[in-house]
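Enquirer: One structure, as structure tokens, below. Some questions next.
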Amino acid sequence: MSNRVIKVDALARVEGEGSLYVRVKDNEIKEVRFGIFEPPRFFEAFLQGRHFMEVPDITARICGICPIAYQMGAIQAMENAFGVEVPGPIRDLRRLIYCGEWIESHALHVYMLHAPDFLGLSDAIQLAKSNRDLVQKALRLKKIGNDLLEAVGGGRAIHPVNMRVGGFFRTPRKAEIRALIPDLEWAIQASHDTIRLVGGFNFPDIEQNYTFVSLRHDREYAIHEGRVVSNRGLDIGLPEFLDHFDEEHVKHSNALHGFQKPGKQPYHVGPLARYAINYDRLHPETLSAAKSAGLGPVVRNPFQSIVVRSLEILQVCLDALTIAKNYEEPDQPHTEPVVRAAVGYGATEAPRGLCFHRYEIDDQGLVKTARIMPPTAQNQKIIESDLWKVVAAHLSLPDEDLKWRCEQAIRNYDPCISCATHFLKLTVDRE
Amino acid sequence: MTANDALIIGVGNEFRRDDSLGLQVAARIEARNLPGVEVLTHHGEGTGLMSLWRGRSLVVVIDAVSSGQDGGTLHVVNTRLEPIPAGWTLFSSHAFGLAEAVELSRDLDELPPALWIVGLEGKDFSHGQELSSEVAHALESAVTKVIELVSPMA
Numbered sequence: 001m002s003n004r005v006i007k008v009d010a011l012a013r014v015e016g017e018g019s020l021y022v023r024v025k026d027n028e029i030k031e032v033r034f035g036i037f038e039p040p041r042f043f044e045a046f047l048q049g050r051h052f053m054e055v056p057d058i059t060a061r062i063c064g065i066c067p068i069a070y071q072m073g074a075i076q077a078m079e080n081a082f083g084v085e086v087p088g089p090i091r092d093l094r095r096l097i098y099c100g101e102w103i104e105s106h107a108l109h110v111y112m113l114h115a116p117d118f119l120g121l122s123d124a125i126q127l128a129k130s131n132r133d134l135v136q137k138a139l140r141l142k143k144i145g146n147d148l149l150e151a152v153g154g155g156r157a158i159h160p161v162n163m164r165v166g167g168f169f170r171t172p173r174k175a176e177i178r179a180l181i182p183d184l185e186w187a188i189q190a191s192h193d194t195i196r197l198v199g200g201f202n203f204p205d206i207e208q209n210y211t212f213v214s215l216r217h218d219r220e221y222a223i224h225e226g227r228v229v230s231n232r233g234l235d236i237g238l239p240e241f242l243d244h245f246d247e248e249h250v251k252h253s254n255a256l257h258g259f260q261k262p263g264k265q266p267y268h269v270g271p272l273a274r275y276a277i278n279y280d281r282l283h284p285e286t287l288s289a290a291k292s293a294g295l296g297p298v299v300r301n302p303f304q305s306i307v308v309r310s311l312e313i314l315q316v317c318l319d320a321l322t323i324a325k326n327y328e329e330p331d332q333p334h335t336e337p338v339v340r341a342a343v344g345y346g347a348t349e350a351p352r353g354l355c356f357h358r359y360e361i362d363d364q365g366l367v368k369t370a371r372i373m374p375p376t377a378q379n380q381k382i383i384e385s386d387l388w389k390v391v392a393a394h395l396s397l398p399d400e401d402l403k404w405r406c407e408q409a410i411r412n413y414d415p416c417i418s419c420a421t422h423f424l425k426l427t428v429d430r431e
Numbered sequence: 432m433t434a435n436d437a438l439i440i441g442v443g444n445e446f447r448r449d450d451s452l453g454l455q456v457a458a459r460i461e462a463r464n465l466p467g468v469e470v471l472t473h474h475g476e477g478t479g480l481m482s483l484w485r486g487r488s489l490v491v492v493i494d495a496v497s498s499g500q501d502g503g504t505l506h507v508v509n510t511r512l513e514p515i516p517a518g519w520t521l522f523s524s525h526a527f528g529l530a531e532a533v534e535l536s537r538d539l540d541e542l543p544p545a546l547w548i549v550g551l552e553g554k555d556f557s558h559g560q561e562l563s564s565e566v567a568h569a570l571e572s573a574v575t576k577v578i579e580l581v582s583p584m585a
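In order, the protein sequences belong to chains A and B.
Going by the working numbering, the letters in the first sequence line up with residues 1 to 431, in that order.
Going by the working numbering, the letters in the second sequence line up with residues 432 to 585, in that order.
So, in structure tokens, the structure goes:
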């Protein structure tokens, strides 16, 4: 009888605190648990009774890496509740600041957290020893993302304070936005270099027949708005989201596990889902780079998410450049909402995937109920499903190597554990 | 402010009790309006810290430390001479924090000519804004140490 346990008590290079436990008996996997032990944060509960104008600044605190995702989802939900339409230039500025968050978040993940896995290195510090130029490029790319956030977001890259329901408190001057252009032009070239580098990595030969779910927009590669679409024919507006998706509590995690109804099926949100659903919305330059990197219109190997994430850096740099070149200052920084009792829905594509919000507001503008489904919570089931496949394909590996492979498989999702808690340690038990 | 000014960075989270000590030490120093001294606060994400100290000549970072010693114990590390001790847990909630930023800067030759870490041992990192009494009593010792370190420029 052969018993084997692989255990990671605290996962490295992920945001927040999580763990992994794998139990193998007679070379057969018995149990895989992706656990989140970071304590629940109860955001939805303490939003109750708050004035709607406070909500974007409170939800921004859910995450230091993707505050825009939470702010913008909340803002758009409030605007949906009150029937506010924002004009084109405000919409462009929203997309621009979101591009900044994507550049910053994706650059951190691709270079500092994920690339070392493929190069056999323990972290970015080792990477800097072997490839100093690469790390310097990553840091500059990330800083360009920060600068963009600061230019639009009110001088702060973390938890920016300038976005509000109806628009912005202050809109940036044309010169401030034009000043970003040379850096964005450099970032586009750096993104091409990144794609060439990560496209050449060796990927474990694992594919999954995922249900992909992401936003889809009429004209754009969906980032900050769109309908919810899957690769299995689902195409719904945001008010229908909870008819099709829900979350449940499982014993081993402080984050709720998202699933698709009926039958509690796992689904996949994030770069691979967005890419598959919005392939025809990619900029021609991104499409061409994808083809050069050997990718078709659908990528089912989760380890290739690093390539798709790099393509997305290019995509948002191109988008940001177009917006920066065409930006004209809006007449008004915001539209004043007229409060009414209503239910509002908002969803955006956070760097890690679809992030859904629903708020019920009373006639005084106070929140009666709040519901937020962060991407990492939605991805937990599919991460566990990937891990089953990865462990099964690598059972012959010694425990330490198997552990490494499992952690890498989790990092494919760039999980944001802090956001999901409402969520890594790895344990493999070989019995 | 110029690159020659001393830079003091208080790191922490104001809502996790003793983790906020870096911010509180920085606030006390800022209140003294020392000439030639710039005081900033930061949440502790590594690449952000690197961009703050890049090109500066004298930097002191204040952060909460958890190394198993008594609450309020003062730690001083001259990063030019030694790495941040391996046993320290620095309370960055991010994947890439102060210790990584120091070592990456060293490898990239971007470590300022003088970069000191002044740490106080924290005791209570739970939710809330009040410091543990041990840390509250030790706060001024960190203030004095930081001012002593920047005094050649102050």
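The beta-carbon is built from N, C-alpha and C at its ideal position, and this holds for glycine as well.
Remember, it's a predicted structure, so these values are computed and weren't measured experimentally.
When burial is assigned at 16 or more other CB atoms within 10 Å of the CB, is S523(B) buried or exposed?
Expert: Position 92 of the second sequence holds residue 523(B). Confidence at S523(B) is low in this model, with a pLDDT of 48, below 50, so its placement is unreliable and the value that follows should be read with caution. Under this definition S523(B) is a buried residue.
Enquirer: List in chain order: all unbroken beta strand (DSSP E) runs of 3+ residues lying wholly within the region 12-88 of chain A.
Expert: Counting only runs of 3 or more, we get 18-25 and 28-36.
Enquirer: By the criterion of Cβ-Cβ separation under 8 Å, what are the contact partners of S482(B) in chain A?
Expert: Locating residue 482(B) in the second sequence gives position 51, counting from the first residue. Here the neighbours are L139, K143 and N146.
Enquirer: Is the beta carbon of G553(B) closer than 9 Å to that of V492(B)?
Expert: Here the question's residue 492(B) lines up with position 61 in the second sequence. Here the question's residue 553(B) lines up with position 122 in the second sequence. No. Outside cutoff.
Enquirer: Any idea if P67(A) is buried or exposed, counting beta-carbon neighbours within 10 angstroms, 16 or more meaning buried?
Expert: Here the question's residue 67(A) lines up with position 67 in the first sequence. P67(A) is buried by the Cβ-count criterion.
Enquirer: With a cut-off of 9 Å, does the C-beta of L539(B) fall near any C-beta of chain A?
Expert: Taking the second sequence and counting its residues from 1, the one referred to as residue 539(B) is at position 108. Chain A contact via Cβ: present.
Enquirer: Look up Q265(A) in the DSSP assignment and give the residues it is bridged to.
Expert: In the first sequence, residue 265(A) corresponds to position 265, counting from 1. Partner(s): Q260(A).
Enquirer: Can you give the beta carbon distance from A138(A) to M112(A), rounded, assuming they're within the 8 Å contact cut?
Expert: Locating residue 138(A) in the first sequence gives position 138, counting from the first residue. Locating residue 112(A) in the first sequence gives position 112, counting from the first residue. Rounded, the Cβ-Cβ distance is 6 Å, consistent with contact.
Enquirer: Does chain D have any CB closer than 9 Å to the CB of T478(B)?
Expert: Reference to chain D is not applicable here, since the protein chains of this structure are A and B.
Enquirer: Where does K433(A) sit, in a helix, a strand or coil, going by DSSP?
Expert: Chain A is shown from 1 up to 431; residue 433(A) falls before or after that span and cannot be answered.
Enquirer: Taking 9 Å as the threshold (beta carbon to beta carbon), is D123(A) in contact with chain B?
Expert: Against the first sequence, residue 123(A) aligns to sequence position 123. So, interface residue.
Enquirer: How far does the beta strand (DSSP E) with L438(B) in it extend, from its first residue to its last?
Expert: Position 7 of the second sequence holds residue 438(B). Unbroken beta strand (DSSP E) run through L438(B): A437 to V442.
Enquirer: Using a 10 Å radius around the Cβ and a threshold of 16 neighbouring Cβ atoms, would you call H249(A) buried or exposed?
Expert: The count along the first sequence starts at 1 and reaches residue 249(A) at position 249. The residue is exposed, with fewer than 16 neighbouring Cβ atoms inside 10 Å.
Enquirer: How would you list, in chain order, the residues of chain B whose beta-carbon sits under 9 Å from the beta-carbon of V135(A)?
Expert: As a working note, residue 135(A) is residue 135 in the first sequence. Going along chain B in sequence order, the residues near V135(A) (Cβ under 9 Å) are L535, D538 and L539.
Enquirer: Quick one: using the 10 Å Cβ neighbour count with 16 as the cut-off for buried, is T433(B) buried or exposed?
Expert: As a working mapping, residue 433(B) is identified with position 2 in the second sequence. With fewer than 16 other Cβ atoms within 10 Å, it is exposed.
Enquirer: Ignoring anything shorter than 4 residues, give me the alpha helix (DSSP H) runs that lie fully in the region 469-531 of chain B, in order along the chain.
Expert: Runs found: 477-484.
Enquirer: Report the CB separation of F245(A) from G263(A) in whole angstroms; it is logged as a contact under 8 Å.
Expert: Numbered from 1 along the first sequence, position 245 holds the residue referred to as residue 245(A). Numbered from 1 along the first sequence, position 263 holds the residue referred to as residue 263(A). Not a contact, Cβ separation roughly 12 Å.
Enquirer: Below 8 Å between beta carbons is the criterion; list the residues of the region 90-116 of chain A that meet it against any residue of chain B, in chain order.
Expert: Answer in chain order: L108, M112 and L113.
Enquirer: Under 9 Å, Cβ to Cβ, is there at least one residue of chain A near E531(B)?
Expert: For the purposes of this step, residue 531(B) is taken as the residue at position 100 of the second sequence. True, the Cβ-Cβ gap to chain A drops below 9 Å.
Enquirer: Pull up the distance between the alpha-carbon of A124(A) and that of S564(B), whole angstroms please.
Expert: Counting from one through the first sequence, the residue named residue 124(A) turns up at place 124. Counting from one through the second sequence, the residue named residue 564(B) turns up at place 133. A124(A) and S564(B): Cα-Cα distance of roughly 38 Å.
Enquirer: Just tell me which of I361(A), D193(A), L282(A) and A151(A) has its CA closest to the CA of R178(A).
Expert: Here residue 178(A) refers to the residue found at position 178 of the first sequence. Nearest of I361(A), D193(A), L282(A) and A151(A) to R178(A), Cα basis: A151(A).
Enquirer: Just confirm the distance between the C-beta atoms of I548(B) and T575(B), as a whole number of angstroms; I'd bet it's less than 8 Å.
Expert: Mapped onto the second sequence, residue 548(B) falls at position 117. Mapped onto the second sequence, residue 575(B) falls at position 144. Incorrect: roughly 16 Å between the Cβ atoms, too far for contact.
Enquirer: Just verifying my parser: in three-state terms, what is the DSSP assignment at N326(A)?
Expert: As a working note, residue 326(A) is residue 326 in the first sequence. DSSP places N326(A) in helix when its eight states are reduced to three.
Enquirer: State yes or no: is the beta carbon of S563(B) nearer than 9 Å to at least one beta carbon in chain A?
Expert: As a working note, residue 563(B) is residue 132 in the second sequence. False, the Cβ-Cβ gap to chain A never drops below 9 Å.
Enquirer: Within the 9 Å Cβ cut-off, does F556(B) reach chain A?
Expert: One-based indexing of the second sequence puts residue 556(B) at position 125. Not closer than 9 Å to any Cβ of chain A, the Cβ of F556(B) fails to qualify, so no.
Enquirer: Tell me which residues share the same chain as D414(A) and place their Cβ nearer than 6 Å to its Cβ, disregarding the 5 neighbours each side in the sequence.
Expert: On the first sequence, position 414 is the one that residue 414(A) refers to. So the list reads H109 and R352, once near-sequence residues are dropped.
Enquirer: Since R132(A) meets chain B, which of its residues come closer than 8 Å, beta carbon to beta carbon?
Expert: Here residue 132(A) refers to the residue found at position 132 of the first sequence. D538 and L539, listed in chain order.
Enquirer: Relative to the alpha-carbon of I323(A), which residue among L366(A), Q136(A), I90(A) and V22(A) has its alpha-carbon at the smallest distance?
Expert: Residue mapping note: residue 323(A) aligns to position 323 of the first sequence, counting from 1. Ranking L366(A), Q136(A), I90(A) and V22(A) by Cα distance to I323(A) puts I90(A) first.
Enquirer: With 16 other CB atoms within 10 Å as the buried threshold, where does F169(A) fall?
Expert: Locating residue 169(A) in the first sequence gives position 169, counting from the first residue. It counts as exposed.
Enquirer: At the level of alpha carbons, what is the spacing between L134(A) and K143(A)?
Expert: To locate residue 134(A), count along the first sequence from 1; it is residue 134. To locate residue 143(A), count along the first sequence from 1; it is residue 143. About 14 Å.
Enquirer: If we cut at 9 Å on Cβ distances, does A255(A) have a partner in chain B?
Expert: Start at 1 with the first residue of the first sequence, and residue 255(A) comes out as number 255. It does not: the Cβ of A255(A) has no partner Cβ on chain B nearer than 9 Å.
Enquirer: Does the region 190-207 of chain A touch the region 341-361 of chain A, meaning 3 or more C-beta pairs lie closer than 8 Å?
Expert: Touching, no, given that fewer than three Cβ pairs across the two stretches are closer than 8 Å.
Enquirer: Can you tell me whether A124(A) sits near the ligand MN, meaning its C-beta is under 8 Å from at least one heavy atom of the ligand?
Expert: Judged by which ligands are present, the structure shown has none, so any question about the ligand MN falls away.
Enquirer: Under a three-way DSSP split, which group does G344(A) fall into?
Expert: As a first step, residue 344(A) is located in the first sequence; it is residue number 344 there, counting from the start. Residue state, collapsed to three classes: strand.
Enquirer: Rounded to the nearest angstrom, how far is the Cβ of N405(A) from that of H394(A), given a contact under 8 Å?
Expert: Translated into positions along the first sequence, residue 405(A) becomes position 405. Translated into positions along the first sequence, residue 394(A) becomes position 394. For the sequence presented, residue 405(A) should be read as Arg rather than Asn. Their Cβ separation, rounded to whole angstroms, is 5 Å, which keeps R405(A) and H394(A) in contact under 8 Å.
Enquirer: Are the beta-carbon atoms of P302(A) and A276(A) separated by less than 9 Å?
Expert: Here residue 302(A) refers to the residue found at position 302 when the first sequence is read from its first residue. Here residue 276(A) refers to the residue found at position 276 when the first sequence is read from its first residue. Not a contact, by the Cβ cut-off of 9 Å.
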